[in-house]
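Our numbering applies: residue 17 is where the sequence shown begins, and numbers increase by one. Each residue gets a CB set at the ideal place from its N, CA and C atoms; glycine is no exception. Everything on this sheet refers to the single structure shown next.
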Amino acid sequence: MSSDLLFPAAGRVAAIDYGRKRIGVAICDAQRIIASPLCMHRPTGDATAEATFFRTLVAEETIGGFVVGLPVHADGSDSRMSVEVERFGAWLKESTGCPVVFHDERYSSQEAVGLMAGLGMSRRQKKARTDSLAAQIVLCSWLESQVSAGASQRPGALDG
């Protein structure tokens with residue numbers, strides 16, 4: 017699912033791992049090669065403050081669009097959070113003026129926890145980093161899907 021705004025073909029993109037208590041944010045470089053965790057944001061419940069946070073992110077990081085992780089079940093069907101995340105995506109588009117696309121985030125948080133296992137981090141440190149790392153995983157997956165889609169659209173490319 018995507019927004020009706022045209023998603024830019026190049027430039028920096030931010031990924032969001034949405035949660036009611038914590039929102040993970042990751043960004044990529046302008047060439048869309050490297051995705052990095054940026055921060056974990058705690059929603060305040062104040063729509064004006066939230067809009068300011070995301071508008072500032074867009075301005076400071078030169079963000080051209082958002083990839084929002086969509087939580088679906090293992091079989092691909094919508095989860096209880098899917099509708100809430102889709103509402104958040106619509107709000108994000110409206111608040112920032114940036115296009116939003118949704119990308120399957122199945123297992124991103126579990127993968128993030130697995131990547132941090134054995135690093136000697138406290139539970140608190142892991143909790144603080146899980147969401148931005150999950151957003152990075154979603155962004156990496158989306159970037160890879162864009163490369164694959166571009167390769168399959170080139171003349172003479174093989175269908176995979």
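Query raised in the report: When we look at the beta-carbon of residue 37 and count the other beta-carbons within 10 Å, is it buried (16 or more) or exposed?
Result: exposed
Requested in this report: Would you check if the segment 101–111 and the segment 146–156 touch, i.e. whether three or more CB-CB distances between them fall below 8 Å?
Outcome: no
Query raised in the report: Mapping DSSP to helix, strand and coil, what is residue 105?
Result: helix
Requested in this report: Indicate the three-state DSSP secondary structure (helix, strand or coil) for residue 23 in the structure shown.
Outcome: coil
Report task. Quick one: grab the DSSP three-state call for residue 174. Result -> Confidence in residue 174 is poor, its pLDDT being 37 and thus under 50, which makes the residue's placement unreliable; the coordinate value appears in the next sentence. The answer is coil: DSSP assigns residue 174 none of H, G, I, E or B.
Query - Distance between residue 39 and residue 52 (C-alpha atoms, nearest Å) - result: 15 Å
Query - Which of helix, strand or coil DSSP assigns to residue 71 - result: helix
Query raised in the report: In whole angstroms, what separates the C-alpha of residue 18 from that of residue 31?
Result: Residue placement at residue 18 is flagged as unreliable, the pLDDT there being 45, under the threshold of 50; the coordinate-derived value follows with that caveat. Approximately 14 Å between the Cα atoms of the pair.
Query raised in the report: To which residues of the same chain is residue 112 closer than 7 Å at the C-beta, ignoring the five residues directly before and after it?
Result: 70, 71 and 74
Report task. Take residue 82 as the anchor and find which of 118, 25 and 101 has the nearest alpha-carbon. Result -> 118
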